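Visitor:
Number of protein chains: 2
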Amino acid sequence: MQNQIRPMDALKTAMADAAAAMERELDRLIPRGDGHEKRLYDAMRYASLEGGKRLRPFLVLESASLFGVPRARALRAAAAIEFVHCYSLVHDDLPAMDDDDLRRGRPTTHKKYDDATAILAGDALLTLAFEVLAHPDTHPDGSVRAELVAALAAGAGAAGMVGGQMFDLEAEKHGRTYGLEDITRLQSMKTGRLIGFSCQAGAILGQATPAQRRALDRYADALGLAFQIADDLLDAEGDEALVGKKVGKDAAAGKATFITYLGLDGARRRAQALAAEAAAHLDLFAVKAQILSNVAQFVVERRT
Amino acid sequence: MQNQIRPMDALKTAMADAAAAMERELDRLIPRGDGHEKRLYDAMRYASLEGGKRLRPFLVLESASLFGVPRARALRAAAAIEFVHCYSLVHDDLPAMDDDDLRRGRPTTHKKYDDATAILAGDALLTLAFEVLAHPDTHPDGSVRAELVAALAAGAGAAGMVGGQMFDLEAEKHGRTYGLEDITRLQSMKTGRLIGFSCQAGAILGQATPAQRRALDRYADALGLAFQIADDLLDAEGDEALVGKKVGKDAAAGKATFITYLGLDGARRRAQALAAEAAAHLDLFAVKAQILSNVAQFVVERRT
């Protein structure tokens with residue numbers, strides 16, 4: 319059993335180290351305001367710092383390390399995706415959207431500040447993400463920077479995350495019930511596309527071959543779906559104190575999830591199968607991708 | 319007198335032609351959704367199409383024409399700035415922000431749809447702006463595309479438009495009263511920076527010389543300030559039916575504007591002086607910049 323435990327411990331250490339490096343990078347990249355707009359910078363910092371597992375940044379850093387991308391460049395791309403992730407949480411938590419008061423065990427940004435400040439802080443974080451990617455420090459080749467911008471925008475916009483959020487709201491607010499195929503597409507848009515970008519970013523920065531890119535895309539697709547099924551399981555079975563946000567929301571809202579169609583056991587089995595599939599897509603990177611393989615397992619085993 | 323009228327008529331024709339071309343480009347660039355997220359695309363279209371004078375796009379097209387930039391490229395950059403402008407109106411009109419029901423004589427996006435859809439449509443329009451700029455069709459040189467992205471993000475984000483909006487809300491919601499210097503800085507952030515980007519975009523696409531860029535920057539600074547003073551005059555004296563939105567809001571809110579410090583006559587004189595200053599900065603382009611010179615005059619004379 320010890321051999322099975324050790325890689326997961328190593329992964330957790332690597333993730334904690336990356337999260338600490340990420341924290342420093344995010345702190346460095348968000349200016350500290352001192353004018354009349356200081357409240358905006360404070361809210362941007364509140365929404366971004368001291369938060370979360372930093373899974374998406376970790377995927378950027380690990381995928382970049384496959385191609386020997388300098389750490390400083392990878393950290394900038396990782397910060398960009400985290401800014402987008404944080405902005406999306408700030409806007410999703412608003413009263414007009416999911417109306418959540420608690421996030422990562424703290425008041426949500428609009429509860430800590432106010433709705434207007436939260437809307438603006440989200441807008442500014444999204445904008446900052448593109449500013450960071452487009453800066454020459456991210457990569458000396460402008461076409462690489464532009465490709466990162468295009469890929470992030472495609473994943474974050476109407477065809478990706480924001481479209482997925484609309485798709486989801488249509489079920490909640492307009493009483494639509496989705497089948498398994500719809501839920502799969504919804505989740506692929508809402509979370510899968512940005513997990514995909516996180517894995518692509520390393521390949522773009524590292525100017526990877528088409529075969530390497532395809533392998534990472536397939537890994538990301540399986541990982542993203544596994545992640546979402548695990549999320550549904552956490553909502554159904556998780557401990558609110560550990561998870562850091564309300565649980566049982568899907569059932570309370572009468573919302574169809576993967577569990578509605580697969581059941582608890584079926585969902586667990588499907589998540590495990592996807593984690594194994596994700597890892598298998600990394601075979602061409604051999605032992606270099608060991609940590610990314612373990613991430614897939616981590617994602618389905620997590621309790622928070 | 320006829321010689322003074324004719325250039326303004328020519329300008330209005332040129333602006334109308336550009337607005338029509340812009341309408342087609344915006345229509346082409348916003349996808350038509352057919353999935354469960356269709357409502358998002360509908361709201362994006364509602365917020366962007368059939369609207370406004372398209373002043374910012376016109377500035378992009380005219381500044382690009384100084385450097386012989388192909389029209390198709392200039393139209394893409396013009397669309398990007400217009401998407402950002404439209405997103406900012408959608409978010410500013412929300413109940414949590416300025417709470418406006420009417421925009422361009424029509425219900426605002428959140429009145430036509432709902433708050434959640436308006437938040438998401440704004441987010442998606444902002445994201446689309448960067449996607450359009452980063453696409454190879456905008457310019458074959460990746461470093462030009464990345465520079466456009468960086469410049470738009472700098473103008474639209476916390477140091478620019480969004481920061482200016484926060485600055486403004488601090489006065490409204492937290493009872494701060496600003497002096498003339500603060501108001502000038504606020505307006506430079508809130509509207510000036512994106513007018514600045516509109517003029518820079520042509521120079522970036524046209525790979526202009528530093529002297530040419532400086533001239534356009536100074537033109538844009540004077541134009542932006544003239545524009546804002548004219549906006550305050552319209553709010554104080556304008557006809558709601560012509561303006562297409564509520565007027566008299568500043569006075570009703572007890573808000574300090576340029577008029578508070580300059581008076582009506584002083585504000586009119588200052589706007590005229592700025593229009594003349596803006597035009598003077600274009601001297602090095604000679605007759606090629608005649609239309610841009612006239613834009614400055616147009617901006618202070620407009621009644622809508």
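Chains B and V, in that order, are what the protein sequence lines are. The opening position of the first sequence corresponds to residue 319 in my numbering, with each subsequent residue numbered one higher. The opening position of the second sequence corresponds to residue 319 in my numbering, with each subsequent residue numbered one higher. We put the beta carbon where it would ideally sit given N, CA and C, even for glycine. In this text the structure is predicted, and so the values were computed from the model without any measurement.
So, does the CB of A398/B fall closer than 8 Å to a CB anywhere in chain V?
Guide: It does not; no Cβ of chain V falls within 8 Å.
Visitor: What are the partner residues of L420/B, as DSSP defines its beta bridges?
Guide: Answer is P425/B.
Visitor: For E488/V, name the three-state secondary structure that DSSP assigns.
Guide: DSSP places E488/V in helix when its eight states are reduced to three.
Visitor: If you follow the alpha helix (DSSP H) that F515/V is in, where does it begin and where does it stop?
Guide: From DSSP, the alpha helix (DSSP H) with F515/V extends over R511 to L523.
Visitor: Kindly indicate the opening and closing residues of the alpha helix (DSSP H) around N372/V.
Guide: The displayed chain sequence assigns Arg, not Asn, to residue 372/V. That residue, R372/V, is in no alpha helix (DSSP H); it is neither H nor E in DSSP.
Visitor: Can you grab the Cα-Cα spacing for the pair D352/V / G566/V, in whole Å?
Guide: Rounded to whole angstroms, D352/V to G566/V spans 41 Å at the Cα level.
Visitor: What residues from the stretch 348 to 366 of chain V come within 9 Å of chain B, judged by C-beta to C-beta, listed N to C?
Guide: Against chain B - using a Cβ distance shorter than 9 Å - the residues of the stretch 348 to 366 of chain V are I348, P349, G351, G353, H354, E355, K356, R357, L358, Y359, A361 and M362.
Visitor: Buried or exposed: which applies to D583/B, given that a residue is buried once 16 or more other Cβ atoms fall within 10 Å of its Cβ?
Guide: That one is exposed.
Visitor: Any residues in the stretch 458 to 471 of chain V with a beta carbon nearer than 9 Å to a beta carbon of chain B? Which ones, in chain order?
Guide: Answer in chain order: D459, G460, S461, V462, R463, A464, E465, L466, V467, A468, A469, L470 and A471.
Visitor: Using three-state DSSP, classify I348/B as helix, strand or coil.
Guide: The answer is coil: DSSP assigns I348/B none of H, G, I, E or B.
Visitor: Sort G423/B, R621/B and L466/B by Cα distance to D557/B and report the nearest one.
Guide: When only C-alpha atoms are compared, the closest one is R621/B.
Visitor: Which of the residues in the stretch 442 to 454 of chain V, read from start to end, lie with their CB under 7 Å from any CB of chain B?
Guide: Listed by position, the residues of the stretch 442 to 454 of chain V near chain B (Cβ gap below 7 Å) are A442, L444, T445, L446, F448, E449, A452 and H453.
Visitor: Going by alpha carbons, who is nearest to G460/B out of S516/B, H428/B, I522/B and V378/B?
Guide: The residue with the shortest Cα to Cα distance from G460/B is I522/B.
Visitor: Spell out whether any CB of chain B is found under 8 Å from the CB atom of A607/V.
Guide: With 8 Å as the cut-off, A607/V does not count as an interface residue toward chain B.
Visitor: Which stretch, first to last residue, makes up the alpha helix (DSSP H) that contains D500/V?
Guide: Note, D500/V: alpha helix (DSSP H), L498 to Q505.
Visitor: Where do the ends of the alpha helix (DSSP H) carrying T622/V lie?
Guide: Segment: none, T622/V is in no alpha helix (DSSP H) and carries neither H nor E.
Visitor: Which residue comes first and which comes last in the alpha helix (DSSP H) that contains K356/V?
Guide: Segment K356 to S366, the alpha helix (DSSP H) holding K356/V.
Visitor: Of all Cβ atoms in chain B, is any one closer than 8 Å to the Cβ of Q483/V?
Guide: So, interface residue.
Visitor: Thinking C-alpha only, which one of T495/V, A468/V, A544/V and P528/V is nearest Q505/V?
Guide: Closest option to Q505/V, Cα to Cα, is A544/V.
Visitor: What residues in its chain sit with their C-beta under 6 Å from that of P325/B, if we drop five residues either side in the sequence?
Guide: So the qualifying residues of the chain are N612.
Visitor: Quick check on H403/V - is its C-beta less than 8 Å from some C-beta in chain B?
Guide: It does not: the Cβ of H403/V has no partner Cβ on chain B nearer than 8 Å.
Visitor: Using 8 Å for Cβ pairs, my map puts A396/B next to M340/B. What's the rounded Cβ distance?
Guide: Confirmed, about 6 Å.
Visitor: L358/B and L487/B look like a contact to me (Cβ under 8 Å); what is the Cβ gap, rounded to whole Å?
Guide: That pair is no contact at about 26 Å.
Visitor: Looking at the unbroken alpha helix (DSSP H) that takes in L412/B, where does it start and where does it end?
Guide: Run containing L412/B: none; DSSP gives neither H nor E here.
Visitor: Would you mind sorting A464/V into buried or exposed? The rule is 16 or more other CB atoms within 10 Å of its CB.
Guide: So A464/V ends up on the buried side.
Visitor: Around the C-beta of A529/V, are 16 or more other C-beta atoms found within 10 angstroms, so that it is buried, or is it exposed?
Guide: Its Cβ having fewer than 16 others within 10 Å, A529/V is exposed.
Visitor: Taking only beta-carbon atoms, is Q320/V less than 8 Å away from chain B?
Guide: Residue placement at Q320/V is poorly supported in this model, since its pLDDT is 46, which falls under 50; the coordinates still yield a value, given next. Answer no: the Cβ-Cβ gap between Q320/V and chain B never drops below 8 Å.
Visitor: Cα separation between K606/V and F515/V?
Guide: Taking the straight line from one Cα to the other gives about 20 Å.
Visitor: For A474/B, go through chain V and note every residue whose CB falls closer than 7 Å to its CB, in chain order.
Guide: The answer, in chain order, is T445.
Visitor: Please classify Q320/B as buried or exposed, where buried requires at least 16 other C-beta atoms within 10 Å of its C-beta.
Guide: Any reading at Q320/B must be qualified, since the residue scores a pLDDT of 46, below 50, and its modelled position is unreliable; the value itself is stated next. Answer is exposed; the Cβ neighbour count stays below 16.
Visitor: Given that I437/B touches chain V, what residues does it touch there, using C-beta distances under 8 Å?
Guide: Under the 8 Å cutoff, chain V gives H409, L412, A414, M415 and I437.
Visitor: With 8 Å set as the bound, which would you pick, yes or no: does the beta-carbon of E619/B sit closer than that to a beta-carbon of chain V?
Guide: No, E619/B lies away from the interface with chain V (no Cβ there is under 8 Å from its Cβ).
Visitor: L487/B versus chain V: which residues are under 8 Å apart at the beta carbon?
Guide: Near L487/B (Cβ distances below 8 Å), the residues of chain V are A434, T435 and L438.
Visitor: Could you check how far apart the C-beta atoms of L534/B and S381/B are, in whole angstroms? I think they sit under 8 Å.
Guide: Yes, L534/B and S381/B are in contact; Cβ-Cβ is about 6 Å, under 8 Å.
Visitor: Going along chain B, which residues have a C-beta under 8 Å from D500/V?
Guide: Correct list: H354.
Visitor: With DSSP collapsed to three states, give me the class of V467/V.
Guide: V467/V: helix per DSSP, three-state reduction.
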